[in-house]
Structures are given as C-alpha cells and as structure tokens.
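Here this note's numbering is used: the first residue of the sequence shown is 1, the next is one more, and so on.
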Amino acid sequence: MRMCILPDVGNLIDTLQRCRKSKSLECARRLYETACCHGLDSESSVGNFVVQMLAECGYIASAEQVLQRLDFQNEHSWTALILGCIDHGRSHHAFDLYQRMKQSNVSPSAYTFMALIKACIQLQDAERGRVVHADIMQNAGVRDGYIDNALIDMYVKCGLLPKAREVFDELSVRDVVSWTALIGGYAEHGPGELALQCFQMMKEEGIFPNDLTLVCVLKSCGSIGALVEGRDIGREIMDKGLQGNTILSNSLVDMYAKCGALPEAQEVFDNLLVRNLVSWNVLIAGYAEHGPIYQALKCFEKMRAEGITPDGMSWTSLIAGFSEHGPAHEALALYEWMQREGILPDAVAYASVLKACSNAGATDKGRELHQEIVSKNYDSDLFISNNLIEMYAQSGTLEDAQNVFNKLEKRDICVWNSLIKACAVNQEGMLAVHYFEDMQRQGAKPDIVTFTCLLTACSHARMVDEGKKYFMLMRDLYRLVPTIDHYTTIVDLLARAGRMFEAEKFLLEVVPRSLHDEGMWAALLTACKAYGEVEVGERCYKWLSQKNPECAPHVHMADIYMSLGRLEDAYEIDKVRKLSAAKNKPVFATIEVNKEVHEFVSTIIPTTRISDLQKHMSSCLERQGYIPDICQIVRLMIEEEEDFLFNPMEERTMAFGFLSMEPGQSIRMTNIACSKYKNRRTSFSKYEEPRSHWTNLYCGLLCTNKYAIVVNCTHFYF
C-alpha cells in the first residue's frame, strides 16, 4: 500500500480507523510516523486513537510512550491503556496506571471503573476491589446500574457474599442481572438455601428469570438436595419450551443426578436433542455418586461408543465412584486405564485413587502414587494430604501418616482431623489426645468432625474418662451440638468398657429420642454379646426388632443365650430368624500382591490349593489349643453347616498370600463388612481385636516369622 502524506487531522483519523478495522498495525505505525513528521503527534485526537489501537494490540509500552507525548490526556486514553493491560494479562500494571491517572488529575469515568472491576475479578483481589468501590462512591456521578451490578459480581467472585448482599440491598432498582449475580454467588459459595430464597423474592418483585438465572438456581437445588424446588424449575423450563437449550437441559440433568433422582435424570438425558461431553459427565457423576455404580461404567462405555472422548472429569467421576462404593480394585484398574489413554490426573483424581488404595489395602500402590504426587508437586495440596494420611492409617503404617502431616507447611482443620482419625484407626487413643491438645495450642478450632474422630479414638482405646471429658468439652466450651455419631460413639465407649447399664442409661436419658437409631442400640447389643449381658441385650434386641423386623439381629441375641447355656431360647430366636428369611450377605476381603489387588468373596468357593492350606492352618490352630467360640459350635449343630468353624475370609485371603508371595514380603489384608446387615457373626472375646491372635499363630506355625502380616479389619459392630 503506497502511503501519502496526510497533514489533515480528520483524514489522518479516518485512515487510522480503517487500519484499526483491518487490524493493520503496520499501516497505523506508518501513519503515526507521518503525523510525528508534521508535528501532529501531540494532537490529542490523533494520539488518543493511536494509544487505543496500540493498547488493543497489546503494545502497552509503546502506548504509554505515545500517551506521555500528548499535550492533553483524557480519561479515554487512560481507560484504553488500562483495559489493554487487563485484556493482555497485566492486571497488576493496570492499577499502577490508575494511580498515575489520578496523579495526572484525570478523573476516571464509568468505563474506567468497569475496567478496574474486571481487573479485580481477574486477580481475585477483594482488597483492591474495596478501594475501587470507595473511589466509585466518591465519584457518585459515574455510578449507574451497570457499575452496581459489576460490583455485586466482583464481590461474589471474590467470595465476599455479605459485601455483595450489602451492595445489592442498597440498589434502588434491581434488574434480572442484579438478581442473577447474587443468586449465582449463593449457588457457587453457599448457602444454597439463600439462592432459592432470592429466586422466590425475585419472582415476587415481578422480575422474570433468564436462562443464566435458572442455571444458577438448578445448581443450588443440586447442592442442597432441594429436589421439590428443582422439579418445579424443571416444569417451568418445559412450559417455556426451553428444553432445547443444551446448557439448561444439562443443568437439569445435573440437578436430578445430584439429588439422587437418577430415573428422572436419565429421562431428561434421553430426551436431549444434543448430548455433549457435559451431558454425559453429569449423568456419569450422578450414577458414580448414588449408584448403581456399574450403570456409571455402562454410560461411560456408551459415551465412547458414540464417539465422544472422555475427559479428566469423566475418568475422575468413575474412579471416585468405585473408590467410594467399591469394588476398590476396579478404581485402581480404571486409573491405570486413564493413564494409558494419556489423561493427566488432577488433585481430585489423585485423592480418589488414594481412597481406593485405602479401601483395597493396596499400600504398595499407594506408596507408588505418593512418589508420583511428590514428583508433580502435589504433596502440599491439603486435599491430597488428607487422603494420603488416611491411606497410610488404614494400612496400619501410622508413622507414614505422621510423616505426611509433619511435612505440611500449612494445616487446616481437615488435616488435623485426618491425623486424629488415623490415631483412632490404629488404636492410639493417647496419641489422638496429644494431637488434639497440640491442635488447640496452635490456634486451630476443632469442629464437629474433630470430636467424632477424637471420641472414636477414646472408644477404641477404652479411655472412658477422657471420652466423657471431651464430650462435655464439645458441648460446654465449643458450643457444638452433638450429632448421632457423637452419641453413638459415647454409647460404644461405655459398652466397650463393660459398662452396659451405664451405656443404656446414657442412651435413654441423655440422647434425644429423635436421634435414637439402629447404630446406637446395635453397638450396645454387640457389647452385651461380648460380655454375656442378657438383660440389656434383650432390651436392645426388642428395640431393634421393632424398628426393623427384616434386619433384626437374631444371631447376636441367639449367641448371648447360647453363651449362657440357654439353648432353648437360642433355638426359638433361630426359628424367628429362619421365618424372617434373613440371609447373610457376602463378606469381601482383599489382599495386595506385587501391587495388584485380589478380591475374595465368601460366597465363591476357593481353589483346591487355597482350601487345602486353609485346612492345614485350621488344624495347626487346633493343635495349639485354639478353642472356637462355643456359640459357633452350637450354631454348627443347629444349621448343619460344613466348614463353618474354620472358614473365615481372613484365612482364605491369608492362604492366598502365603501361596503367592516370597518370604520377607508383607501380607496386607483388608476385610470389608456390610454396615447395614444384622445377621453376621463376628466372634471375639471382650472386645479384643477380631482374630488378632490368629496372625501371630500363623506366623509361628506356618512360616516362622518369615512374613509380616498386617490385617486391616473393617468391622461394623451391630
């Protein structure tokens, strides 16, 4: 393009505008050089236009140089320069320019403040936002509805909901943008109930919601489980014919899925005109969270079959689902598959797979993951650290859990809770108390979960006085209202110590009637079985039978009678059990061999080699004087079952370990019981750890201490 000398300012600006539209920066540069040659570079109209163009293209330093040459600098030039910084990732410098603008006695305009608010949002800098807000109040003439809505949005995105509400309440006119900004804030940061409250107020004021408003409200419904309100919004979407809006429809699927209404989520999903990755992800996440878990896997495979490539969220939801609901070894297999697909795990994925390692007893795999986490600098992430602590605690390596905790530079209440829980899992009650006291000294305020973990530690260690003390501390000093978990733990604490009558009195006189549940009475009944306390046991059995006849704890009550020689009473209970058709659910056990997890199910017949070794182990125990529970012997006579006395899952799993591993390796097992089932027999005396003496006998009898055996029994006391 051949350039002509254009001394006329108007022609020069017209040509610059054409350059701007065509994004011809080189053309503009030559024009500006021409203007400089003719002394027009200080002309404000020309210079301001060049500043804007340079700033838009990201040439901030050049734009600043042009601005400094101008005889007259106005708010348009400064605002263009500030906005250019923000749009090109230099928001910090935008505030430096703002200070220079004020020092130059140039008053900011509404556009200037809008740009600065945008910078505050980018930086998530609430303090600078407050300064900008104060400057806006001093320049009342520039304040309008756009700025007010932008301020609400800024405070919301910086997490200052009370300040956003304060600005909102001061508005004389509230439009749909104002309401949506506030509702979106409550939807994102909570509480979700306030989002629904604002939505109702908005409709009462005659303001009609837009699509974004409905998306925000649906998100709130999903987060707080407000299914009724969510259904109302779903009907509103259908009535308005908005189901063709993919974003809205995906939000509706997500709401139903998070509320556990999977049939409704599936119905909306099936009727989608367009199913994108988000559509599949929210449905998979719903099945992964609420089950059935294999339906999540089915959706995952169907998504791939339809040509949609899963992303990190797809994989993570699936892994998290199997980690939570099991089988955990499936989660580990999915993680390996995800890596083969080239998907890099994020913090949530690492946390989920660590949970799977914890549930599956895959300690070696967990250590391998720990090294990977450190290599990727995720080890300072508190969410991941919580799961590392739990994984090591569940594997019986409390020292490793402590090492993870000690290396953290920052510790939140969740990390403290995880460590106290780790002590509880490993029967270290006094150590849990030590960490609780240390936490208080360091200024961390305990919460409801802290006391659940602490009281559990006291219960497992039979520290009755300490448990009572901390229960009172929770109520009286920290003003925390005890939950079902706290009351159940105190009942269990007293019962484990053999104080059945005191535990029953606490349950009847201290625990509110509305909080009585099966867990409390079942814990007390289990203690009655261990200690042979028939009077309290009968009352527990009666309460549980009336509460849930189909899952009444017939076995425990029968065992109490049998231990006291009351066989006729035991027979009667057993008749009731058979009439109720109560059946034992399968028990699962896992063992890690060479970083691979193997699962055993009680309903599946073991191989001949494992069965033969089991029998050998059982005969060794008999020769050493091991006497089975008399209740089991009588039960064997009643039910005429074979292989009942010496056929526990621990033996079967341990036998596989002996056959598969080399001497010197650790055998780590995890037993998984069903918490809701009331008819499983767990035999141990006076609340000793279930079958903990077996491991020592096996080491001596079968392998002369060549193996280190760690049994992580996850038992639920009924």
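Note that beta-carbon positions come from the ideal geometry of N, C-alpha and C, so glycine has one too.
ask   = Residues in its own chain within less than 8 Å of D211 by CB, not counting five upstream and five downstream?
value = If we look at D211 and ignore the five residues flanking it on each side, its Cβ neighbours are L242, N245, I247, L248.
ask   = Of all the options A226, A527, K240, S109, which has the alpha carbon lying nearest to the alpha carbon of G260?
value = That would be A226, whose Cα lies nearest to the Cα of G260.
request  = Within the same chain, show all residues whose beta-carbon is closer than 6 Å to that of A119, passing over the 5 residues directly before and after it, in chain order.
outcome  = The residues are I86, S91, A94.
Expected contact under 8 Å - CB spacing of W315 and A347 to nearest Å = Wrong, their Cβ atoms sit about 14 Å apart, outside the cutoff.
key: Cβ-Cβ distance between G206 and D175 below 8 Å   = No. Outside cutoff.
key: Where E205 sits in the DSSP three-state scheme   = It is coil, neither helix nor strand.
inquiry  = Quick check for students: name the residue ranges of the alpha helix (DSSP H) that lie wholly in the region 253-317, counting only runs of 4 or more.
reply    = List check, alpha helix (DSSP H) in window: 262-270, 277-290, 293-305.
key: Other residues of its chain near T452: CB distance less than 8 Å, five sequence neighbours each side excluded   = Cβ within range, chain order: T483, D485, H486, T489.
Residue interval of the alpha helix (DSSP H) (run including M101) = From DSSP, the alpha helix (DSSP H) with M101 extends over 91-103.
query = What residue from Q103, E127, M114 has the CA that sits closest to A150's CA?
reply = When each option's Cα is compared against that of A150, the closest is M114.
inquiry  = In whole angstroms, give me the CA-to-CA distance for M735 and K407.
reply    = Here the chain covers residues 1 to 718 and nothing more, so residue 735 does not appear.
task = With V415 as the anchor, note down where its alpha helix (DSSP H) starts and where it stops.
result = Element bounds for V415: 413-425.
request  = Look up H556 in the DSSP assignment and say whether it is helix, strand or coil.
outcome  = Of the three classes helix, strand and coil, the one that applies to H556 here is helix, per DSSP.
query = Between E535, D438, E306, N386, which lies nearest to L564 when the distance is taken from Cα to Cα?
reply = Considering only alpha carbons, the answer is E535.
query = Between the C-alpha atoms of P209 and Q394, what's the straight-line distance to the nearest angstrom?
reply = Spanning the two alpha carbons is a distance of roughly 49 Å.
ask   = Given E264, which residues of its chain have a CB within under 7 Å of its CB, disregarding the five upstream and five downstream residues?
value = So the qualifying residues of the chain are Y256.
task = Could you have a look at M378 and say whether DSSP puts it in helix, strand or coil?
result = Note that residue 378 is Tyr in the sequence shown here, rather than Met. Residue state, collapsed to three classes: coil.
request  = Have a look at L473 and N377 and give me their C-alpha separation to the nearest angstrom.
outcome  = Distance between the alpha carbons of L473 and N377 is about 39 Å.
ask   = How far does the alpha helix (DSSP H) with Y146 in it reach, from first residue to last?
value = DSSP places Y146 inside the alpha helix (DSSP H), whose first and last residues are 145-157.
key: Spatial neighbours of S685 in its chain, beta-carbon cut-off 6 Å, leaving aside the 5 residues before and after   = Any answer about S685 is weak, because its pLDDT of 34 lies below 50 and its placement is not dependable; what the coordinates show is given next. Cβ neighbours of S685 beyond the five flanking positions: none.
CA-to-CA distance, V278 to D465, given in whole angstroms = So the two alpha carbons sit approximately 53 Å from each other.
ask   = What span of residues does the alpha helix (DSSP H) with D400 cover, start to end?
value = Unbroken alpha helix (DSSP H) run through D400: 398-406.
key: First and last residue of the uninterrupted alpha helix (DSSP H) at A349   = A349 -> alpha helix (DSSP H) spans 347-360.
ask   = Thinking just about the alpha-carbon of each residue, which of I343, G307, H370, E341 is nearest to the one in K355?
value = Proximity to K355 across I343, G307, H370, E341 peaks at H370, based on C-alpha coordinates.
query = In terms of residue numbering, what span does the alpha helix (DSSP H) encompassing K118 cover?
reply = It spans 110-123 - the alpha helix (DSSP H) in which K118 sits, taken as one unbroken run.
request  = Would you kindly report the start and end of the unbroken alpha helix (DSSP H) that includes D517?
outcome  = Counting along the chain, no alpha helix (DSSP H) covers D517, and no H or E run does either.
ask   = In whole angstroms, what is the alpha-carbon distance linking S352 and L344?
value = The alpha-carbon atoms of S352 and L344 are separated by roughly 14 Å.
query = Sorted by chain position, which residues of the same chain lie with C-beta nearer than 7 Å to L214's C-beta, five sequence neighbours on each side aside?
reply = In chain order, I233, I237, L248 place their CB closer than 7 Å to the CB of L214, counting only its own chain and leaving out the 5 sequence neighbours on each side.
Bounding residues of the alpha helix (DSSP H) (the contiguous stretch that carries I237) = Here the alpha helix (DSSP H) through I237 covers 227-239.
ask   = Roughly how many angstroms separate the alpha carbons of E688 and L494, rounded to a whole number?
value = Only weak support is given to the placement of E688: the predicted model assigns it a pLDDT of 39, under 50, and the value that follows is read from those uncertain coordinates. Cα to Cα, E688 sits roughly 15 Å from L494.
query = Where does I389 sit, in a helix, a strand or coil, going by DSSP?
reply = Look at I389 here: in three-state DSSP terms it is helix.
ask   = At what residues does the alpha helix (DSSP H) containing I136 begin and finish?
value = It spans 126-138 - the alpha helix (DSSP H) in which I136 sits, taken as one unbroken run.
ask   = Which residues in the same chain as R143 place their Cβ atom closer than 7 Å to its Cβ, once the five residues preceding and following it in sequence are excluded?
value = Answer for R143: I136, listed in chain order.
task = Could you tell me the distance, in whole angstroms, from the CA atom of I117 to the CA atom of H88?
result = Near 16 Å, if we compare the C-alpha coordinates of H88 and I117.
inquiry  = Tell me the DSSP secondary structure of E502 in three-state form.
reply    = Correct three-state label for E502: helix.
message = Please tell me whether M500 and C528 are closer than 8 Å, where the distance is taken between their beta carbons.
response = In this structure, C528 lies closer than 8 Å to M500 by Cβ.
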